[in-house]
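Protein chains in written order, with the working numbering: chain U, 0 to 314; chain Y, 560 to 777; chain C, 40 to 296.
Quick reminder that beta carbons are idealized off the backbone N, C-alpha and C, glycines included.
Keep in mind that this is a model prediction, so the values were computed, not measured.
Report on one structure; see the data block that follows.
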Amino acid sequence: MMRFRVLAGTIALAAALAACGSSSNPVGSTSGASAAAGSASGSASGGGGGVITVGSANFPENALLAEIYAGALSSKGVTVTKKLNIGSREAYIPGLQDGSIDLIPEYTGNLLAYFDKKSTATSAADVYAALPKVLPSTLKVLDQSQAEDKDAIVVTKETADKYKLTTIADLAAVAKDLVLGGPPEFETRVDGIPGLKEKYGVTFQQFKKLDAGGPLTINALKNGQVQAADVFTTDPSISTNGWVALGDPKSLYTAQNVVPLVNGAKASDAVSSALNAVSAKLDTKTLTGLVAQVVTDKKDPAVVAADWLKSSGLG
Amino acid sequence: MSGLVDYFDRNRETILNWFGWHVWLSVLPVVLGLVIAFPLGWLARRYRFAYGPLVSVAGLLYTIPSLALFVLMPGILHTRILDPVNVVAALTVYSVALLVRVVADGLAAVPEDVEMAARAMGYGPVQRLFAVDLPLAVPVVIAGLRVATVSNVSLVSVSALLGVPQLGQLFTTGFSRLVTEPIVLGILGCLLLAAVLDLLLVAAGALLTPWRRAVRAS
Amino acid sequence: MISSIVAWLGDPAHWQGPDGVPTHLREHVWYSLLAVVVAAAVALPAGLVIGHTGRGTFLVAGVANAMRAVPTLGLLILFVILLLPHIASDLVYLLPGEAVLVLLAVPPILTNTYAGVQNVPPEVRDAAAGMGMTPRGVLLRVELPCALPLVLSGVRAAVLQCVATATVLAYVSLGGFGRYIIDGQQQRDFPQMASGALLVAVLALLADGLLALLARFVVSPGVSGRAGRARPGHARALSRARGRFHPAHTLTTQELS
């Protein structure tokens, strides 16, 4: 008797659920109406005259860059509020569009790929030139920096010496004996597993799903659970552990220059000049050093940012 | 300890913003849940045949893991994965599932002789519901609300995996930098919030049942 | 959504290999079962002893209420970070994972075992003592069987908590059905996420159902009231305590009062 009731209840529930079709992709890049309502937080959205809300993605380097931008703007008299560690692009791009944030540090190549999956631009100049054509009308990028943080296939010194590896192409013969570690999306990304196979003929024995250059990946490479890993080029672990970032002669990985992505209406002259000055002063070596202070020395990003701005005459 | 205070100071805006979201996401579903569960629980009590199916469906829904519900909601509501609405909807389902039985049993807990006395005094059915049954059901319902609210505080933090803004984001942030301060702050924040909400509910229960204090005093 | 989930589950490629459903099912069950066994090994004896001797009851109430509020994701990440410098294998993720699951599984087993032993009618205890049983005999041959419905109810709740929380372990690179949710989100593949969510839900429902069935067969008919005893009111009270209609991890009557 009770079993019948449970069954009847389940069928009713299933029928109700089946009635829901779905046309949108909840993890896609198109934003829905409810998304704007959802991602806009209850607190002030920074829309008041002249206040810039700086956001950041949920990883240390981006939070550091956001602190640098915020500090540079503050010192030029712009009122700044911060909304750091928001999450991935799915979270903050709609935030830029609905006004919950006004500014975020971005990377030219990934930003371009987010809005135009089919783009073939790889060099810094090409990627930057392609951006204004694909960005939504309300957003714009300011000057790009020389500082770059891109994906790299990294191996330990032992592995590099053992198989005489200097570029990704050298992996073609030996990859079948090696395990690769990287973020889950590397499996399907155009410049991930498919791209390695297509451009370099490299197929690994196994791919371990870890994280995007985070502690899981770093530890796996350090402990030998993977022999090669997708690590970001500014990661201090590379130099700390004596790892080798393999060369990419065929430009599988597009340029990823640091660039401020901003709500066009908020990009006043003061804002633009402050941020362009930062972009001019920043280069990859400097950025790597700053990230090391945050990740290795465990210093707070705000402190590291403030110190650097002061020493560069921008803060 | 000073590390915790420092971290909080430097990230005060962000943390308080997340805390606000966490309060909202924990409390709103319970309120909505009670509003929906109340008529359902009353129906289950009033009509014997309804009790079985209602409680069974509730049981089924409560068995579904919360993270699974968070993920399936966008498919049902056509929202995006990181939309806090998913969390509210899923936890409301949970709260209703928990509270339906609590309300039904709470209303049923009225002693037979009190029921008969009320009837003898001329109370109509609606009057009986609001003047007798409900007040006597308060302790049971409050107990259920406490469980629902405190569980919600913990369940909400898991939605950090999907990008929903609340205290759980402190955990993912801390992991990316391998620092423990934000994580400890997040745990403490959740515990604090749960304790405060629990205390508020206990106080509300005490306020609504003055006769219990009288009984204890006598 | 339903059609995309059906399509994803219908793809045979998703049922083989290290990323297939059977593999992740095995991992998920293994994580949960291990935690419940460890938790039971700790909580069952503790609950029996506390219920029998009446000492240490503060532990029971305090533990149950506090654990409900603890954010499991936070604890997991905290443990991992603390262990990372010391362990150089996958154990650095597995140990914290299991620790968190055990911490979740202990309270329901502990409180329900305690409640079960407490609820044994005093006249039954009396009768057993009158028959000459030693205190240990009373505990093991009378109180435990009478408490069995509630104990099993607690185990059911613990299993459910573990199955639900084991999904989070995928965040620290472990396996289980949570893998589909984490990976699906990273790959912006909602059908994968939704399929993973559905698989977890089905596993939870199946586990709950199986344990409910098990309880039916394991609990002595005299205790469950199935044998239609001469004292109908008493049998009904016991069967209510056994919790025929409600799922294991809602409130026990103990908690509600």
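Distance CB(residue i)-CB(residue j) smaller than 8 Å
| i | j | result |
| --- | --- | --- |
| residue 91 of chain C | residue 156 of chain C | yes |
| residue 183 of chain U | residue 208 of chain U | yes |
| residue 187 of chain C | residue 257 of chain C | yes |
| residue 250 of chain C | residue 198 of chain C | yes |
| residue 713 of chain Y | residue 150 of chain C | no |
| residue 233 of chain C | residue 634 of chain Y | yes |
| residue 227 of chain U | residue 152 of chain U | yes |
| residue 130 of chain C | residue 218 of chain U | no |
| residue 699 of chain Y | residue 596 of chain Y | no |
| residue 232 of chain U | residue 105 of chain U | no |
| residue 181 of chain C | residue 79 of chain C | no |
| residue 278 of chain U | residue 144 of chain U | yes |
| residue 225 of chain U | residue 180 of chain U | yes |
| residue 512 of chain Y | residue 752 of chain Y | No answer is possible for residue 512 of chain Y: the residues shown for chain Y start at 560 and end at 777. |
| residue 726 of chain Y | residue 578 of chain Y | yes |
| residue 155 of chain U | residue 254 of chain U | no |
Length of the line joining the Cα atoms of residue i and residue j
| i | j | result |
| --- | --- | --- |
| residue 693 of chain Y | residue 666 of chain Y | 7 Å |
| residue 51 of chain C | residue 43 of chain C | 14 Å |
| residue 569 of chain Y | residue 301 of chain U | 8 Å |
| residue 79 of chain U | residue 296 of chain U | 27 Å |
| residue 230 of chain U | residue 273 of chain U | 31 Å |
| residue 145 of chain C | residue 759 of chain Y | 27 Å |
| residue 243 of chain C | residue 623 of chain Y | 6 Å |
| residue 629 of chain Y | residue 646 of chain Y | 6 Å |
| residue 22 of chain U | residue 132 of chain C | Bear in mind that the predicted position of residue 22 of chain U carries a pLDDT of just 46, short of 50, making it unreliable; the figure below should be weighed with that in mind. Whole-angstrom Cα-Cα distance: 38 Å. |
| residue 204 of chain U | residue 177 of chain U | 6 Å |
| residue 771 of chain Y | residue 594 of chain Y | 25 Å |
| residue 201 of chain C | residue 134 of chain U | 45 Å |
| residue 178 of chain C | residue 185 of chain C | 10 Å |
| residue 34 of chain U | residue 305 of chain U | Because residue 34 of chain U sits at a pLDDT of 37, beneath the cut-off of 50, its placement in the model cannot be relied upon, and the following sentence gives the value as read from the coordinates. If I take the Cα positions, the gap works out to 34 Å. |
| residue 102 of chain U | residue 260 of chain U | 6 Å |
| residue 572 of chain Y | residue 294 of chain U | 22 Å |
| residue 76 of chain C | residue 697 of chain Y | 38 Å |
| residue 165 of chain U | residue 212 of chain C | 29 Å |
Integer Cβ distance of residue i from residue j, believed to fall under 8 Å
| i | j | result |
| --- | --- | --- |
| residue 703 of chain Y | residue 651 of chain Y | 14 Å between Cβ atoms; not a contact. |
| residue 139 of chain U | residue 266 of chain U | 6 Å |
| residue 137 of chain U | residue 100 of chain U | So it is not a contact: roughly 12 Å between Cβ atoms. |
| residue 86 of chain U | residue 722 of chain Y | 4 Å |
| residue 711 of chain Y | residue 585 of chain Y | 4 Å |
Where the beta strand (DSSP E) through residue i begins and ends
| i | result |
| --- | --- |
| residue 151 of chain U | 150-154 |
| residue 340 of chain U | In the structure displayed, chain U extends from 0 to 314; residue 340 of chain U sits before or after that span and is not available. |
| residue 642 of chain Y | Where residue 642 of chain Y is concerned, there is no enclosing beta strand (DSSP E), given that its DSSP letter is neither H nor E. |
| residue 43 of chain C | No beta strand (DSSP E) holds residue 43 of chain C; the alpha helix (DSSP H) holding it covers 41-49. |
| residue 227 of chain U | 227-231 |
| residue 208 of chain U | 205-208 |
| residue 262 of chain U | 257-262 |
| residue 55 of chain U | 51-56 |
| residue 140 of chain U | 138-140 |
Residue i - containing alpha helix (DSSP H), residue span
| i | result |
| --- | --- |
| residue 106 of chain U | Element bounds for residue 106 of chain U: not the alpha helix (DSSP H) but the beta strand (DSSP E), 102-106. |
| residue 748 of chain Y | 740-767 |
| residue 198 of chain U | 192-199 |
| residue 150 of chain C | 130-157 |
| residue 180 of chain U | Element bounds for residue 180 of chain U: not the alpha helix (DSSP H) but the beta strand (DSSP E), 178-181. |
| residue 221 of chain C | 217-225 |
| residue 252 of chain U | Counting along the chain, residue 252 of chain U falls outside any alpha helix (DSSP H), and DSSP gives it neither H nor E. |
| residue 237 of chain U | 235-239 |
| residue 217 of chain U | 214-221 |
| residue 239 of chain C | 229-257 |
| residue 124 of chain U | 123-133 |
Residue-level contact to chain D via CB, residue i, 8 Å cutoff
| i | result |
| --- | --- |
| residue 585 of chain Y | The structure shown has no chain D; the protein chains it does contain are U, Y and C. |
>> What are the residues in the region 94-126 of chain C lying within 7 Å of chain U by C-beta distance?
In response: Taking 7 Å as the cut-off between beta carbons, the residues of the region 94-126 of chain C near chain U are 123, in sequence order.
> Given a limit of 9 Å on CB to CB distance, which residues of the region 59-91 of chain U reach chain Y?
Replying inline: With the criterion set as a beta carbon lying under 9 Å from some beta carbon of chain Y, the members of the region 59-91 of chain U are 59, 62, 80, 81, 82, 83, 84, 85, 86, 87, 89 and 90, in sequence order.
>> Against chain Y, which members of the region 113-133 of chain U pass a CB distance test of less than 9 Å?
In response: Cβ contacts with chain Y come from no residue of the region 113-133 of chain U.
>> Please list, in chain order, the residues of the region 729-744 of chain Y that have any C-beta partner in chain U closer than 7 Å.
In response: Listed in sequence order: 731, 732, 734, 735, 736, 737 and 738.
>> Give me the subset of the region 218-249 of chain C whose CB atoms are less than 8 Å from a CB atom of chain U, sorted by chain position.
In response: Under the 8 Å Cβ criterion, the region 218-249 of chain C contributes 218, 221, 222, 223, 224, 225, 226, 227, 228, 229 and 232.
> Residues in the region 610-634 of chain Y with C-beta within 7 Å of chain U's C-beta atoms, listed in sequence order?
Replying inline: Using a CB distance below 7 Å, the part of the region 610-634 of chain Y facing chain U consists of 611, 612, 615, 616, 619, 633 and 634, ordered along the chain.
> Relative to chain Y, which residues along the region 180-212 of chain C have a C-beta separation below 7 Å, given in chain order?
Replying inline: Flagged, chain order: 199, 202, 203, 206, 207 and 210.
> What are the residues of the region 296-314 of chain U that lie near chain Y, defined by any Cβ-Cβ distance shorter than 9 Å?
Replying inline: Flagged, chain order: 297, 299, 300, 301 and 302.
> Of all the residues that make up the region 591-609 of chain Y, which are near chain C by a beta-carbon distance shorter than 9 Å?
Replying inline: Near chain C, meaning a CB-to-CB distance below 9 Å, no residue of the region 591-609 of chain Y qualifies.
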